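> Numbering (this note's numbering), first residue to last: 1472 to 1633. First, the structure itself, so that you have it in front of you.
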């Protein structure tokens, strides 16, 4: 695994993922989730959750960003890339990240935070034996408070779709 970019860059990319999440929540098109894929210090792809507007339960922000990155780079191996996501990935998105071979995943809100706000969130993976998981990438949580504040605001405004 390569050495990760500066913490300032990490926070900047997470801020972008959170901005996409905020937009998604305000647009009512799929929920307050956003994701950014980087290579070095370049944004390769980004996406919001579009489950509702596309009528497709697989249109999570992470999957859409991964698909766009693979298309842009014309390959399915995203080794050397990093995924920044507004929430800890669900099992479906984590599976895609595993197949994409990311070096790192940075997330803001936790799976527990998502469940607390009423989002359908499988804990099968997270409840499993850590020794059996064998992830090939590091998962690092940053900017949790900022992510949760988006959901709190949407809940107060009665706009939170979970």
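Here a beta-carbon is modelled for each residue, glycine too, at the ideal position from N, C-alpha and C. All values reported here derive from a predicted model rather than from experimental measurement.
So what does DSSP say about residue 1614, is it helix, strand or coil?
Sequence index remark: in the chain shown, residue 1614 carries index 143 (1-based). Looking at residue 1614 - three-state DSSP - the assignment turns out to be coil, as it is neither helix nor strand.
> Taking the beta carbon of residue 1583 as the centre, do at least 16 other beta carbons fall within 10 Å, making it buried, or is it exposed?
As a working mapping, residue 1583 is identified with position 112 in the chain shown. Result: exposed.
> Just to confirm the assignment: which complete alpha helix (DSSP H) runs, minimum length 4, are found wholly within the stretch 1519-1584?
Listed in chain order, they are 1522-1525, 1532-1544, 1562-1571.
> Helix, strand or coil for residue 1501, going by three-state DSSP, please let me know.
One-based indexing of the chain shown puts residue 1501 at position 30. Coil.
> Use the C-beta contact count for residue 1570: other C-beta atoms within 10 angstroms, 16 or more gives buried, fewer gives exposed.
The residue labelled residue 1570 in the question sits at position 99 within the chain shown. Residue 1570 is exposed by the Cβ-count criterion.
> So is residue 1573 buried or exposed if we call it buried at 16+ other beta carbons inside 10 Å?
Taking the chain shown and counting its residues from 1, one reaches residue 1573 at position 102. Answer is buried; the Cβ neighbour count reaches 16.
> Looking only at DSSP bridge pairs, what is residue 1510 linked to?
Looking up residue 1510 in the chain shown gives position 39. Answer by DSSP bridge pairing, in chain order: 1513, 1552.
> Quick one: grab the DSSP three-state call for residue 1483.
Locating residue 1483 in the chain shown gives position 12, where the first residue counts as 1. Residue 1483: helix per DSSP, three-state reduction.
> Could you say which of 1561, 1519, 1508, 1518 lies nearest to residue 1548 if we only look at CA atoms?
Start at 1 with the first residue of the chain shown, and residue 1548 comes out as number 77. The shortest C-alpha separation from residue 1548 is found at 1508.
> Excluding five sequence neighbours on each side, which residues of the same chain lie with their C-beta closer than 7 Å to the C-beta of residue 1514?
Residue 1514 sits at position 43 when you count from the first residue of the chain shown. Cβ within range, chain order: 1507.
> Should residue 1512 be labelled buried (16 or more other beta-carbon atoms within 10 Å of its own) or exposed?
Numbered from its first residue, the chain shown carries residue 1512 at position 41. Burial call: exposed.
> Consult DSSP for residue 1626 and reduce its assignment to one of helix, strand or coil.
As a working mapping, residue 1626 is identified with position 155 in the chain shown. Helix, per DSSP.
> Do you know whose CA, among 1577, 1566, 1559, 1551, lies nearest residue 1485's CA?
On the chain shown, position 14 is the one that residue 1485 refers to. Here the closest residue by C-alpha is 1577.
> Whole angstroms is fine: what's the gap from residue 1538's alpha carbon to residue 1531's?
Along the chain shown, read from residue 1 onward, the residue named residue 1538 stands at position 67. Along the chain shown, read from residue 1 onward, the residue named residue 1531 stands at position 60. Distance between the alpha carbons of residue 1538 and residue 1531: 11 Å.
> When the Cα atoms are used, what is the spatial distance from residue 1493 to residue 1564?
For the purposes of this step, residue 1493 is identified with residue 22 of the chain shown, where counting begins at 1. For the purposes of this step, residue 1564 is identified with residue 93 of the chain shown, where counting begins at 1. Distance between the alpha carbons of residue 1493 and residue 1564: 19 Å.
> Near residue 1615, what residues of its chain come up, given a Cβ to Cβ distance below 8 Å and the 5 sequence neighbours on each side ignored?
Along the chain shown, read from residue 1 onward, the residue named residue 1615 stands at position 144. For residue 1615, where only same-chain residues beyond five positions count, the Cβ hits under 8 Å are 1579, 1580, 1581, 1584.
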